[in-house]
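What follows is a short report on a single structure.
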Amino acid sequence: RHPTQPLELNGGLVEIGHTGSSFSYDNEQPRHRVWLEPYQLASRNLTNGEYLDFMLDGGYQSPELWLSDGWDAVCAGQWRAPLYWQHTDTGWQLFTLHGLRPLQPLATLSHISFYEADAFARWAGARLPTEAEWEHAATSAPADGLFDEVWQWCNSAYLPYPGFRPASGAVGEYNGKFMINQMVLRGGSLATPSGHSRPTYRNFFPAGARWQFSGVRLAWAT
20 RHPTQPLELN GGLVEIGHTG SSFSYDNEQP RHRVWLEPYQ LASRNLTNGE YLDFMLDGGY
80 QSPELWLSDG WDAVCAGQWR APLYWQHTDT GWQLFTLHGL RPLQPLATLS HISFYEADAF
140 ARWAGARLPT EAEWEHAATS APADGLFDEV WQWCNSAYLP YPGFRPASGA VGEYNGKFMI
200 NQMVLRGGSL ATPSGHSRPT YRNFFPAGAR WQFSGVRLAW AT
């Protein structure tokens, strides 16, 4: 895979959220303005090999890289690698839908938590994008793997947009997740239905969740 080439985004006052008559969920609305400082976004998602460098440099043994809740999760779960990775006599292996396979260093990293994504970004001298930064970039800059590889963690708690109103007949349990420590993921994965692959779609999971097709796209301040 080609080296990551940061995409330059000027920021400014941008519009975020769904508009038009096509289908969307109520949490994608209302469309609203957000101020963004200039920033850079990686042109592709993180690879297994890049994450392995973090591991070999002691990433899972360095509490200073982790949020406090994340370090608690590392210790409690004895995390030493992404979910479904297994170290054998022949090196790192990955559990896939086709069974155990050798880890492919150039393949896109998947099945990591927000905590792991955040720790890697800190180790790499970068950060995770906010969901507004991600959406603005997805509609204004060419990037690889936005919708067809992995969901990408954002440094944004799952909260209602300004002026949000639940759709008529909305299920309370769904909207209630605004209040229970979910983090936003954007984009889509190889398992995402086409109807959910759009720049405004907001996915969300607890910060420690790892089973889903989730990965990392780095960002930098400029």
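In the numbering used here, each residue carries its 1-based index in the sequence shown increased by 19. Glycine included, each C-beta is placed from N, C-alpha and C at the ideal position. What you are looking at is a predicted structure, and each value in this text was computed from that prediction instead of being measured.
### Start-to-end residues for the alpha helix (DSSP H) that takes in Y70
N67 to L75
### Task
Locate the beta strand (DSSP E) running through A176, then write down its first and last residues.
W170 to A176
### Message
At the 9 Å Cβ level, is P25 part of the contact set with chain C, yes or no?
### Response
Of the chains in the structure shown, none is chain C; there is only one protein chain.
### Query
Which first and last residues belong to the beta strand (DSSP E) in which G89 is found?
Here G89 belongs to no beta strand (DSSP E); instead the alpha helix (DSSP H) covers S87 to G96.
### Message
Let me check one thing: in DSSP terms, what residues is L60 bridge-paired to?
### Response
L26 and A238
### Query
Which residues share a DSSP beta bridge with P225?
Q201
### Query
How big is the Cα-Cα spacing for W239 and S129?
21 Å
### Task
Indicate whether L147 and A136 have their beta-carbon atoms separated by less than 9 Å.
yes
#### Entry: Buried versus exposed call for L32 [16 or more other C-beta atoms within 10 Å across all chains shown]
exposed
### Query
Since T219 contacts H37 with CB under 8 Å, what's their CB separation in whole angstroms?
4 Å
### Query
Name the DSSP bridge partner or partners of L113?
W104 and R120
### Query
For the alpha helix (DSSP H) that H155 lies in, which residues bound it at each end?
E150 to S159
### Query
Would DSSP call H215 helix, strand or coil?
helix
### Message
If I follow the unbroken beta strand (DSSP E) through R52, where does it start and stop?
### Response
H51 to L55
### Task
Assign Y146 to one of three DSSP states: helix, strand, or coil.
The identity of residue 146 in the sequence shown is Arg, whereas the question assumes Tyr. Strand, per DSSP.
### Message
Using a Cβ-Cβ cutoff of less than 6 Å, which residues in the same chain neighbour N222 once the five nearest sequence positions on both sides are dropped?
### Response
W170 and L204
### Message
Given this structure, state the Cα-to-Cα distance separating N64 from G182, to the nearest angstrom.
### Response
32 Å
### Task
Grab me the residues of Q105's own chain with a C-beta within less than 8 Å of its C-beta, minus the 5 sequence neighbours each way, in chain order.
W111, Q112, L113, F114 and L119
### 9 Å Cβ cutoff met for A157 and G206
yes
### Task
Run the CB neighbour count on N200, radius 10 Å, all protein chains shown included, and call it buried at 16 or more, exposed below.
exposed
### Task
Determine the direct distance from the alpha carbon of S81 to that of R52, and round the result to whole angstroms.
38 Å
### Query
Does the distance from the CB of I131 to the CB of W90 come in under 9 Å?
no
### Cα-Cα separation between W153 and D163, rounded to whole angstroms
13 Å
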